[in-house]
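Enquirer:
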Amino acid sequence: QTATGPNVILIVADALRADYMPDYSESSPIETPALTHLAEEGILFTAAFGQASWTKPAFGTLFTGRYPESHTATSKISSLPDEVTTFAEVFSEHGYYTKGFANNPNITVAFNFHQGFTDYVDLRPALYFLAKPSASKLTGYDGLRKIWNMAAKRLGGRINITRFYQPAEVVTREALDWVDSPERPADAPFVLFLHYMDPHDPFMNHENPGEGYARVQLPNPDPDQYLDPMRDAYYTEIEYMDTHIGVLLDGLRERGLYDNTVILFTSDHGEEFYDHEGWWHGLTLYEEQIHVPLILRLPRSAMGGQVNYDFARHLDIPPTMLELAGLPIPSEMSGMPLIEGGAFANVPIPHLYAENDLEGIVLQAVRTHREKLILSNEGNWRGLEPIEYYDLTADPLETANLAEEHPGRVRELGALLDGMVAFIQEGAAEPVMADELPADLADQLDALGYGGQDATAPPGE
């Protein structure tokens, strides 16, 4: 078919929590001029939430508009099933050229996340000194960083440090190179998916080259020693990413593409910095892990400068993209368009559902605008209480578990959660496990903290 809709670009930052962004928090110490300007020209959604707190299930939802337990790509060895429909499939079927740049080993071709894309590129980390990007090499890299820093000072410059993923500069360059290439058809609109990994660990301090912190090196850092420097490094990663997103947006303007393009920016999940006596992501469903930024810029800045305080979900992003392109939305998608007919969809979302099943910790949560219930499996190694109930109006940081004080409300929200689970499980895809992974992909998963036996894997796998 011949498509006539606008171009669509989906930009996803990895492990970027909303409340560290200046557009979401007045106390944020960083500046993100590119994303702030995008929000000024677009719509800022203040209450956007993911349905999982680690990469694979989160991206499964971002690509399919289905809950994690429905698309079933939820474990370390699971793949996105062929039977689910991705937004890329719908766009491709209706004449769009669909291009993707994946930057995390959890969403590579090996796990079938290329499903529906005309072309899908697995960006891989650069290797230095023939070293593999494995967890065992990280300490060695620290030594090399010190050597390189000393050499850089003597040379009067800075030496680029190896990464466990491709940094923002490379992602932007690859994207603009593709836009300029003959591969992009001149007579068809395109969908472009870009994945910026910089907020994900290792957190590299761009103001102090050589300083970095990684999950595989510091699984449980001493907060007295590491909280401030780790958070500072994380801040610099966000600012660095913003700089190169700005280069991308400027490049689109220079090429005359900016005003005929729908641009969405979000993250797959957040990150914990000892907010609940833990670190990293994937093992809780607290706000710092599931509250994500969401910015939507429409062509020619339609509806620009507005702030929306209603709930928005990862679920809603695929239907929104399809609606804005004038394409049909598959009935299997559980989300709904955030924009319809040039206005906000007049269908309020009263509550949110999120889930996680990773490394022996099984979580379910339901959240309203005022309260939140989180259920955890008994005896989990993180020490999470089986039932947690929070009054988010009085306690937005989720510090006081009021489950014992409000048993009636816990039962009501528990019944709502049970109903959500039953709805999600009805029509869920058959889980698919990935074939044996290439050694370099397994090493990259280890390097980014995704190694180890999966709690949902068959014995020995």
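The sequence shown begins at 8 in the working numbering and counts up by one.
Backbone N, C-alpha and C define an ideal beta-carbon position, used for all residues, glycine too.
1. Quick one: is L87 near chain D, going by C-beta distance under 9 Å?
2. Using 8 Å as the threshold, is the stretch 356-370 in touch with the stretch 387-400, meaning 3 or more CB pairs across them?
3. Could you check how far apart the C-beta atoms of T400 and R416 are, in whole angstroms? I think they sit under 8 Å.
4. Taking just the CA atoms, how far does P64 sit from S85?
5. Note down the Cα distance separating A410 from T81, rounded to an integer number of angstroms.
6. Within a Cβ cutoff of 7 Å, which residues of the same chain sit near T125, ignoring the five residues on either side of it in sequence?
7. With H, G and I counted as helix, E and B as strand and the rest as coil, what does DSSP make of R374?
8. In three-state terms, what does DSSP make of S141?
9. In whole angstroms, give me the CA-to-CA distance for P236 and L201.
10. Let me confirm a value: N14 is counted as buried when at least 16 other C-beta atoms fall within 10 Å, else exposed. Which label applies?
11. So Y247 and D205 are supposed to be a Cβ contact under 8 Å. How far apart are they, rounded?
12. Once DSSP output is grouped into helix, strand and coil, what is the label at V4?
13. Would you identify the three-state DSSP class for S34, choosing helix, strand or coil?
14. Report the three-state DSSP secondary structure of G253 (helix, strand or coil).
15. Mind checking whether A66 and N111 have CB atoms under 9 Å apart?
16. Below 8 Å on the Cβ atoms is my guess for A117 versus L130; work out the distance and round it to an integer in Å.
17. So G487 is in the alpha helix (DSSP H); what residue range does that whole segment cover?
18. As an exercise, report each continuous beta strand (DSSP E) stretch of at least 3 residues that is fully enclosed by the stretch 63-122, in chain order.
19. Alpha carbon to alpha carbon, what distance is there between Y316 and P355?
20. Please report the straight-line C-alpha distance between I18 and L271, rounded to a whole angstrom.
21. Sort S60, H298, D208 and I381 by Cα distance to I394 and report the nearest one.
22. Drop a sphere of 10 angstroms on the beta-carbon of L404, count the other beta-carbons inside from all chains shown, and report buried for 16 or more, exposed for fewer.
23. Here's the rule I'm using: 16 or more other beta-carbon atoms within 10 Å means buried, otherwise exposed. How should G12 be labelled?
24. With a floor of 4 residues, list each alpha helix (DSSP H) that falls wholly inside the stretch 351-412, ordered by position along the chain.
25. Look at the Cβ atom of L23, then the Cβ atom of G277, and state whether they are nearer than 9 Å.
26. Report, in whole angstroms, the separation of the C-beta atoms of Y360 and Y74, which I expect to be a contact under 8 Å.
Expert: Reading off the structure:
1. Although the question refers to chain D, the structure presented lacks it and comprises just one protein chain.
2. yes
3. The residue you call residue 400 lines up with position 393 of the sequence shown. The residue you call residue 416 lines up with position 409 of the sequence shown. With 8 Å as the limit, T400 and R416 do not qualify as a contact, their Cβ atoms being about 13 Å apart.
4. By one-based count along the sequence shown, residue 85 stands at place 78. By one-based count along the sequence shown, residue 64 stands at place 57. Roughly 10 Å separates the two Cα atoms.
5. Walking along the sequence shown from the start, residue 410 turns up at place 403. Walking along the sequence shown from the start, residue 81 turns up at place 74. So the two alpha carbons sit approximately 28 Å from each other.
6. Position 118 of the sequence shown holds residue 125. The answer, listed in chain order, is S99, Y104, T105 and K106.
7. Residue 374 sits at position 367 when you count from the first residue of the sequence shown. In this structure, R374 counts as strand in the three-state DSSP scheme.
8. Counting from 1 along the sequence shown, the entry for residue 141 is found at position 134. Summary for S141: the model assigns pLDDT 41, below 50, so the residue's position carries little reliability; its value from the coordinates is reported in the next sentence. In the structure shown, S141 sits in coil (DSSP, three-state: anything other than H, G, I, E or B).
9. Numbered from 1 along the sequence shown, position 229 holds the residue referred to as residue 236. Numbered from 1 along the sequence shown, position 194 holds the residue referred to as residue 201. Their Cα atoms are separated by approximately 28 Å.
10. In the sequence shown, counting from the first residue as 1, residue 14 sits at position 7. Classification for N14: buried.
11. Counted from its first residue, the sequence shown places residue 247 at position 240. Counted from its first residue, the sequence shown places residue 205 at position 198. Contact flag correct, Cβ pair sits at about 6 Å.
12. Nothing can be reported for residue 4: it is not among the residues displayed for the chain, which extend from 8 to 468.
13. The residue labelled residue 34 in the question sits at position 27 within the sequence shown. Coil at S34, not helix or strand.
14. Counting from one through the sequence shown, the residue named residue 253 turns up at place 246. G253 falls in the helix class under three-state DSSP.
15. For this step, residue 66 is matched to residue 59 along the sequence shown. For this step, residue 111 is matched to residue 104 along the sequence shown. The question names Ala, but residue 66 is Phe in the sequence shown. Yes, they are a contact pair.
16. Counting from one through the sequence shown, the residue named residue 117 turns up at place 110. Counting from one through the sequence shown, the residue named residue 130 turns up at place 123. A117 to L130, Cβ: 14 Å. No contact.
17. In the structure as shown, the chain starts at 8 and stops at 468, and residue 487 therefore has no counterpart that could be examined.
18. 104-109
19. For the purposes of this step, residue 355 is taken as residue 348 along the sequence shown, with counting starting at 1. For the purposes of this step, residue 316 is taken as residue 309 along the sequence shown, with counting starting at 1. So the alpha carbons of these two residues sit roughly 11 Å apart.
20. Along the sequence shown, read from residue 1 onward, the residue named residue 18 stands at position 11. Along the sequence shown, read from residue 1 onward, the residue named residue 271 stands at position 264. Going from the Cα of I18 to the Cα of L271 covers about 6 Å.
21. Position 387 of the sequence shown, counting from 1, holds the residue named residue 394. Cα-wise, what sits closest to I394 is I381.
22. The sequence position of residue 404 within the sequence shown is 397, counting from 1. L404 is exposed by the Cβ-count criterion.
23. By one-based count along the sequence shown, residue 12 stands at place 5. Buried: at least 16 other Cβ atoms inside 10 Å.
24. none
25. As a working note, residue 23 is residue 16 in the sequence shown. As a working note, residue 277 is residue 270 in the sequence shown. Cβ distance < 9 Å, so L23 and G277 count as in contact.
26. If you number the sequence shown from 1, residue 360 lands on position 353. If you number the sequence shown from 1, residue 74 lands on position 67. Yes, they are in contact, since the Cβ atoms of Y360 and Y74 sit about 7 Å apart, within 8 Å.
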